[in-house]
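Novice:
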Amino acid sequence: MSHPKTFSGIELKEKDGGYLEGPRSRWSELVLAFSVFKEFIKGFRALHFIGPCITVFGSARFKEDHRYYRKAMEISGKLSEAGFTIMTGGGPGIMEAANRGAYEKGGYSVGCNIELPHEQKENPYMHKWVTIKFFFVRKVLLVKYSYGFVVMPGGVGTMDELFETITLIQTGVIRNFPVVLIGKEYYKDISEMLHKMVEERTIHPDDLNLVLFTDDTDEALRHIQHYVKQNYTVKRLRPRRWLAEKKLHKEKA
Numbered sequence: 001m002s003h004p005k006t007f008s009g010i011e012l013k014e015k016d017g018g019y020l021e022g023p024r025s026r027w028s029e030l031v032l033a034f035s036v037f038k039e040f041i042k043g044f045r046a047l048h049f050i051g052p053c054i055t056v057f058g059s060a061r062f063k064e065d066h067r068y069y070r071k072a073m074e075i076s077g078k079l080s081e082a083g084f085t086i087m088t089g090g091g092p093g094i095m096e097a098a099n100r101g102a103y104e105k106g107g108y109s110v111g112c113n114i115e116l117p118h119e120q121k122e123n124p125y126m127h128k129w130v131t132i133k134f135f136f137v138r139k140v141l142l143v144k145y146s147y148g149f150v151v152m153p154g155g156v157g158t159m160d161e162l163f164e165t166i167t168l169i170q171t172g173v174i175r176n177f178p179v180v181l182i183g184k185e186y187y188k189d190i191s192e193m194l195h196k197m198v199e200e201r202t203i204h205p206d207d208l209n210l211v212l213f214t215d216d217t218d219e220a221l222r223h224i225q226h227y228v229k230q231n232y233t234v235k236r237l238r239p240r241r242w243l244a245e246k247k248l249h250k251e252k253a
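Numbering (my numbering), first residue to last: 1 to 253.
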């Protein structure tokens, strides 16, 4: 009979999902590596021709009658009319609202859903989506195809995406990547904390230039367009028939 592992008095059980197991057999690690590779390839194939995207993040818990749900529809609709594809995490709440805003304006709407213990069902306002097993693969895909990032009010997952993106900007991994936070009152403490970091010299003042706190969707649109026009060139890619590739097509009404 196997015994549970312990570390500093903490019992590590199988329900921890394998993340605390430490080194496993070489074969198990190889299988995991191939699983990750497979997920990346699946995402690349699904999203390769979706065009220049703006990724919208926010809480999965807001319902249709919530003001931030309506605000997400508004900003994504305007971004869609400006020619951007709207990308989200593919689920309910703000994700649904953002996809819906683009979908109902006749724009392109896509998602990168995640497999969870309690299934997160994809919302019905997407022309195309892919479901990913690993959070870190999903995060790469949500940033890889984006020209900008809109952050609506949200919880821990939204904060994870926000600060990872800001970290990529600060370290120069991605440059001239506009980040817009919608909800000045909601994000007031984060705004103050970022300015505190500047005062303490833990970040450079220039790190704040691409981060906009606003409630004005027109201001958000102008901010994103400014950086995209100055710093990006849209690449037009052609599908390869021998790879069974297809461009994104909207569903017929």
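All residues carry an ideal CB built from backbone N, CA and C; glycine is no exception. Computed from a prediction, not measured in an experiment: that's the story for all the values here.
For C53, which residues from the same chain have a beta carbon less than 8 angstroms from its beta carbon, with the 5 sequence-adjacent residues on both sides left out?
Specialist: So the list reads F84, T85, I86, M87, V110, Y145, S146, Y147, once near-sequence residues are dropped.
Novice: Bridge partners for V211 per DSSP, in chain order?
Specialist: Answer is V179.
Novice: Please name the residue in C112, F49, T167 whose C-alpha comes closest to that of F57.
Specialist: Of the listed residues, the one whose Cα sits closest to F57 is C112.
Novice: Within 10 angstroms of its Cβ, does G89 collect 16 or more other Cβ (buried), or is it exposed?
Specialist: With 16 or more other Cβ atoms within 10 Å, it is buried.
Novice: Classify L47: buried if its beta carbon has 16 or more other beta carbons within 10 angstroms, exposed otherwise.
Specialist: Counting Cβ neighbours within 10 Å, L47 comes out buried, since at least 16 surround it.
Novice: Using the Cβ count rule (16 or more neighbours within 10 Å means buried), how would you classify E219?
Specialist: So E219 ends up on the exposed side.
Novice: For a cutoff of 8 angstroms on Cβ pairs, would you count R222 as touching chain C?
Specialist: No chain C appears in this structure, which consists of one protein chain only.
Novice: Is M87 helix, strand or coil when you go by DSSP?
Specialist: Strand at M87.
Novice: Tell me the DSSP secondary structure of K246 in three-state form.
Specialist: DSSP places K246 in coil when its eight states are reduced to three.
Novice: Among all the DSSP beta bridges, which residues are the ones paired with I114?
Specialist: I132, per the DSSP bridge assignment.
Novice: Would you mind giving the Cβ-Cβ distance between I169 and L210, rounded to the nearest angstrom? I have them listed as a contact below 8 angstroms.
Specialist: Yes, they are in contact, since the Cβ atoms of I169 and L210 sit about 6 angstroms apart, within 8 angstroms.
Novice: Looking only at DSSP bridge pairs, what is V56 linked to?
Specialist: According to DSSP, V56 bridges with V150.
Novice: Quick one: give me the first and last residue of the alpha helix (DSSP H) that T217 is part of.
Specialist: From DSSP, the alpha helix (DSSP H) with T217 extends over 217-231.
Novice: Are the segment 128-144 and the segment 32-40 touching by the rule of at least three beta carbon pairs closer than 8 angstroms?
Specialist: The segment 128-144, when compared against the segment 32-40, does touch it at the 8 angstroms Cβ threshold.
Novice: Less than 8 angstroms separating the beta-carbons of Y68 and N99?
Specialist: Their beta carbons are not under 8 angstroms apart, which means Y68 does not touch N99 by this criterion.
Novice: The alpha helix (DSSP H) spanning F62 covers which residue range?
Specialist: Taken as a continuous stretch (DSSP letters only), F62 belongs to no alpha helix (DSSP H), as it is neither H nor E.
Novice: Quick one: grab the DSSP three-state call for D16.
Specialist: Caution is warranted here: a pLDDT of 49 is assigned to D16, below 50, making its placement in the model unreliable, and no coordinate value can be reported.
Novice: Would you report the Cα separation of K246 and F49, rounded to the nearest angstrom?
Specialist: Whole-angstrom Cα-Cα distance: 8 angstroms.
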